[in-house]
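The block underneath contains the structure these notes are about, expressed in structure tokens.
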Amino acid sequence: IMNKHTLTLCAFLPFAASAAQFSVTSKPFGEIDGKSVELYTLSNESGAKVSITNYGGTVTSIVVPDKGGKMGDVVLGFDSVAEYVEKSPYFGCITGRYANRIANGKFTLDGKDYSVATNNDPNHLHGGLKGFDKKIWKARIGNMGDSPSLVLTYTSPDGEEGYPGTLNNSVTYTWTQDNALRIRYKSTTDKPTILNLTNHSYFNLAGEGDKTNLQHRVKINAEHYNPIDETSIPTGIAPVEGTPFDFRKPTQIGKRINEENEQLKNGKGYDHNFVLKKTDDGKLMTAAVVTEPTSGRILTVKTTEPGIQFYTGNFLDDLKGKGGKNYAHRSAFCLESQTFPDSPNQKEFPSPVLRPGETYSQVTVYHFGLKGNPQKKKNKN
Ligand code: GLA
């Protein structure tokens, strides 16, 4: 339904052999502090679509077919921006400036000590009290060939949430014709700083609101992971071999999640960074593949980042979501591409430092496919 706020962009590419179509619509999604927030929907020719609000750059829904051709929403979220403000456990948002934890909210950079909020006692989590997930981003509609895109920008002032440097950020979401959500992050700074950006979507490939994630079969391209202490700070790098963290072969989440294991105890389940096996730094490589048997949906995650946080929704606990659906304990999982948690304090980890003149750049792709229907070769993500 169109109203005066609704904007539609449709494209018919005249010179493409099979004219691929897409559309981008926008509608009001509510108000925060007197500022209106929009919800953008990017649809491809098949009708598969993703919705994103400029509040936190949050992905609110991803609607893709199951093996029977039936469309379903595979990410958790809320129907209004007010609910995101009130109770979101980082559903679908961009987390920053530093995704995941910094021990005791302290780090040293070029000999200077910095303190950031300890909003996850005793540690810093996901950028602090008002991180990027709680900011209103500027939005611009664009397109990449026959794929619609949304460009979000946000300038974080020097000292915001205790971090040094004015940080100029852009996050471009592109929804491809073969159902991939491609996220490109770019940031620059005017002073040395640290950063680690990610998208915090919670997936359930059987459809959001499904009561469990345990049936998903997960493969992660990692021979090592970061064990954590009782406050979820990495204690080093350890081999996955012989542990419940070995996902080198596809394994059901539920198979080992309840084993007696100190690491599963510390994370309350899986909530750990996996050290991705990289052959070429900075190149887009497959990080994880998740299959859901009933729907036949397959999620493939590719990233240029060195790590990925695999989180199994251990802190979810009967939260009321979209359409009044119940989001139960462990009814979704996250795969958050990143540098490693607490890397500002751990020298053996990839450096999260960004200096003036450099550009932070990350590409992460979430592709939604179907069993027995391999990703089309012609689409380059
Ligand atoms: C990340 C963290 C988890 C948890 C969630 C949000 O995935 O690693 O411990 O804080 O975010 O609830």
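The sequence shown lines up with residues 102 to 482 when you count with the numbering used here.
Every residue, glycine too, gets a C-beta built ideally from N, C-alpha and C.
Does DSSP classify residue i as helix, strand or coil?
{"i": "D259", "result": "coil"}
{"i": "A57", "result": "Residue 57 lies beyond the residue range present for the chain, which begins at 102 and ends at 482; the question has no answer from this structure."}
{"i": "P265", "result": "coil"}
{"i": "A204", "result": "helix"}
{"i": "G355", "result": "helix"}
{"i": "Y303", "result": "coil"}
{"i": "G470", "result": "strand"}
{"i": "N415", "result": "coil"}
{"i": "K136", "result": "strand"}
{"i": "A339", "result": "strand"}
{"i": "V160", "result": "strand"}
{"i": "V464", "result": "strand"}
{"i": "F233", "result": "helix"}
{"i": "Y371", "result": "coil"}
{"i": "A218", "result": "coil"}
{"i": "G173", "result": "strand"}
{"i": "Y326", "result": "strand"}
{"i": "P445", "result": "helix"}
{"i": "A183", "result": "helix"}
{"i": "K88", "result": "No answer is possible for residue 88: the residues shown for the chain start at 102 and end at 482."}
Please report how far the alpha carbon of residue i lies from the alpha carbon of residue j, in whole angstroms.
{"i": "G408", "j": "K426", "result": "32 Å"}
{"i": "T275", "j": "A281", "result": "8 Å"}
{"i": "K128", "j": "W238", "result": "15 Å"}
{"i": "N359", "j": "F123", "result": "44 Å"}
{"i": "Y215", "j": "R202", "result": "14 Å"}
{"i": "P249", "j": "T159", "result": "17 Å"}
{"i": "H325", "j": "G383", "result": "18 Å"}
{"i": "D222", "j": "G246", "result": "46 Å"}
{"i": "T219", "j": "L143", "result": "36 Å"}
{"i": "Y412", "j": "V466", "result": "18 Å"}
{"i": "D418", "j": "T313", "result": "12 Å"}
{"i": "I354", "j": "A149", "result": "27 Å"}
{"i": "T387", "j": "H468", "result": "11 Å"}
Let's test the definition: count the other Cβ atoms within 10 Å of the Cβ of residue i and tell me whether it reaches 16, buried, or not, exposed.
{"i": "L230", "result": "exposed"}
{"i": "K213", "result": "exposed"}
{"i": "E261", "result": "buried"}
{"i": "T336", "result": "exposed"}
{"i": "E331", "result": "exposed"}
{"i": "T256", "result": "exposed"}
{"i": "T440", "result": "buried"}
{"i": "R431", "result": "buried"}
{"i": "S152", "result": "buried"}
Using only CA atoms, which one of the options lies nearest to residue i?
{"i": "V464", "options": "S137, L400 and I284", "result": "I284"}
{"i": "T209", "options": "R241, G263, I242 and N220", "result": "G263"}
{"i": "H301", "options": "N446, N145 and G157", "result": "G157"}
{"i": "I295", "options": "T405, A200, T154 and Q410", "result": "A200"}
{"i": "T460", "options": "D291, G473 and E309", "result": "D291"}
{"i": "E406", "options": "F450, I334 and E342", "result": "F450"}
{"i": "R357", "options": "T161, Q316 and L400", "result": "Q316"}
{"i": "K168", "options": "E342, L436, G397 and V252", "result": "G397"}
Do residue j and residue i come within 8 Å of each other at the CB atom, strictly closer than that value?
{"i": "P442", "j": "N327", "result": "yes"}
{"i": "V182", "j": "I242", "result": "no"}
{"i": "V176", "j": "F304", "result": "yes"}
{"i": "G197", "j": "F233", "result": "yes"}
{"i": "A323", "j": "V402", "result": "no"}
{"i": "H373", "j": "I321", "result": "no"}
{"i": "T404", "j": "L420", "result": "no"}
{"i": "P453", "j": "P445", "result": "yes"}
Residue i CB to nearest chain B CB: under 8 Å?
{"i": "Y412", "result": "The structure shown contains no chain B; it holds only a single protein chain."}
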